[in-house]
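There are 2 protein chains.
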Amino acid sequence: MIYTLKQFAEMFNTTEHTIRYYTDINLLPCQRDKGNRRIFNDESVNWMQGIACLKGCGASIEDIKEYCELCRLPESKETLYARYQIILRQREQAYKRVEDAKATAAYMDEKVQHYEQILSGLIPDDSNPENWTEDTRPKKH
Amino acid sequence: MIYTLKQFAEMFNTTEHTIRYYTDINLLPCQRDKGNRRIFNDESVNWMQGIACLKGCGASIEDIKEYCELCRLPESKETLYARYQIILRQREQAYKRVEDAKATAAYMDEKVQHYEQILSGLIPDDSNPENWTEDTRPKKH
DNA sequence: CATTGACTTCGAGTAACTCGAATTTACTAT
DNA sequence: ATAGTAAATTCGAGTTACTCGAAGTCAATG
Chain A
1 MIYTLKQFAE
11 MFNTTEHTIR
21 YYTDINLLPC
31 QRDKGNRRIF
41 NDESVNWMQG
51 IACLKGCGAS
61 IEDIKEYCEL
71 CRLPESKETL
81 YARYQIILRQ
91 REQAYKRVED
101 AKATAAYMDE
111 KVQHYEQILS
121 GLIPDDSNPE
131 NWTEDTRPKK
141 H
Chain B
142 MIYTLKQFAE
152 MFNTTEHTIR
162 YYTDINLLPC
172 QRDKGNRRIF
182 NDESVNWMQG
192 IACLKGCGAS
202 IEDIKEYCEL
212 CRLPESKETL
222 YARYQIILRQ
232 REQAYKRVED
242 AKATAAYMDE
252 KVQHYEQILS
262 GLIPDDSNPE
272 NWTEDTRPKK
282 H
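Chains A and B are the protein sequences, given in the same order. When we follow the numbering used here, the leftmost residue of the first sequence carries the number 1, and every step to the right adds one. When we follow the numbering used here, the leftmost residue of the second sequence carries the number 142, and every step to the right adds one.
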């Protein structure tokens with residue numbers, strides 16, 4: 001299966017500009033069709049998945065590039081081990097992000113409660129739709 | 142209690158440069174001593190806590206500034222409600238971040254497993270301490 | 001009185017996009 | 001064959017949120 005730039009960008013919820021940028025800096029290699037247009041295939045999808053994930057860990061473009069280059073090198077015990085080490089380190093960061101995000105969310109819950117307490121004391125004008133708000137709390141599944 | 146720039150930056154695990162930047166753009170107001178040096182107090186700590194938290198939600202400096210300015214305005218039903226709306230929206234983002242980080246961490250767990258499987262097949266040289274690695278999985282408390 | 005250390009301003013640099021203008025290409029309709 | 005449209009191209013400039021370093025100021029200490 002092959003994808004145009006537009007399709008590819010949509011698949012990853014990003015912009016054509018960003019994908020173009022990634023290919024320009026050789027982070028994400030791509031083929032060109034006879035009209036010089038970028039085309040992507042299922043292998044590109046795999047690479048991009050890895051890139052997106054490392055980005056999610058907070059890795060810099062340079063770090064991600066380093067990892068991708070290790071992956072393109074002939075596979076040896078050493079390169080595999082180096083890749084493993086990078087992945088281990090980035091997983092740490094991912095877990096740290098979970099904890100940070102949880103703490104932030106908890107603090108925001110407090111703030112929401114605080115405002116709700118104050119606002120409830122202000123005899124809200126419930127007849128005014130501008131004062132209506134949905135329950136926006138994250139649903140527990 | 143008052144704090145110097147250095148102390149204040151350390152409290153928030155950031156750099157003096159960043160705090161200087163925040164004061165320069167009027168995101169975080171500060172007093173000056175007779176020698177024109179920036180000084181911070183407990184109120185600054187509160188502001189900075191709020192700023193750090195909104196940043197943790199992914200809010201832009203401009204958005205945070207807008208919120209801070211609403212907080213400095215005379216308190217009315219309207220300004221309070223506007224602040225509440227911002228906090229609600231940012232809490233959403235915080236919860237989204239938790240989910241994203243969790244998904245990323247899970248994907249990284251898979252990658253780690255994948256590498257461990259491959260590497261375990263390579264008859265590791267356990268006598269070489271360079272091949273030893275600690276258990277770096279996040280501890281469940 | 002000289003040195004140290006922490007501060008000051010200011011201007012330039014960086015990462016990772018982000019945008020837009022001008023151009024090229026492929027397709028489709030007349 | 002031509003005209004129009006949509007989607008691609010390159011390239012250079014702009015943006016955000018820092019990040020760094022140079023050059024200068026100020027107060028306390030040896």
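Beta carbons: idealized from backbone N, C-alpha and C, even for Gly.
Whole angstroms are fine: how far does the CA of residue j sit from the CA of residue i?
{"i": "A:M11", "j": "B:R213", "result": "43 Å"}
{"i": "A:E75", "j": "B:E257", "result": "15 Å"}
{"i": "B:A244", "j": "A:L119", "result": "36 Å"}
{"i": "B:K237", "j": "A:T15", "result": "20 Å"}
{"i": "A:I19", "j": "A:C30", "result": "10 Å"}
{"i": "A:L80", "j": "B:L263", "result": "10 Å"}
{"i": "B:Q190", "j": "A:R91", "result": "27 Å"}
{"i": "A:L88", "j": "B:K175", "result": "50 Å"}
{"i": "B:D204", "j": "A:E78", "result": "47 Å"}
{"i": "B:R178", "j": "A:W47", "result": "50 Å"}
{"i": "B:D165", "j": "B:Q234", "result": "27 Å"}
{"i": "A:C53", "j": "B:H255", "result": "15 Å"}
{"i": "B:F149", "j": "B:F181", "result": "7 Å"}
{"i": "B:G197", "j": "A:N13", "result": "22 Å"}
{"i": "B:G199", "j": "A:Y3", "result": "31 Å"}
{"i": "B:D241", "j": "B:A247", "result": "10 Å"}
{"i": "B:V253", "j": "B:C209", "result": "42 Å"}
{"i": "A:I61", "j": "A:N26", "result": "11 Å"}
{"i": "B:D250", "j": "B:V186", "result": "37 Å"}
{"i": "A:V98", "j": "B:V239", "result": "6 Å"}
By Cβ distance, which residues of its chain are closer than 8 Å to residue i, with the 5 residues on each side in sequence left out?
{"i": "A:E66", "result": "I86"}
{"i": "B:D183", "result": "M142"}
{"i": "B:K147", "result": "E157"}
{"i": "A:R32", "result": "R38 and I39"}
Can you find the residues in the same chain that come closer than 6 Å, C-beta to C-beta, to residue i, ignoring five residues on each side of it along the sequence?
{"i": "B:Y163", "result": "L169"}
{"i": "B:I192", "result": "I205"}
{"i": "B:R224", "result": "L211"}
Can you tell me where the alpha helix (DSSP H) with residue i in it begins and where it stops?
{"i": "B:L221", "result": "K218 to S261"}
{"i": "A:M11", "result": "L5 to M11"}
Can you tell me which of the three DSSP states residue i falls into?
{"i": "A:S127", "result": "Its pLDDT being 48, under 50, A:S127 is placed unreliably in this model, and the value from its coordinates should be taken loosely. Coil at A:S127, not helix or strand."}
Every unbroken beta strand (DSSP E) inside the segment 156-210 of chain B [3 residues or more]: 179-182
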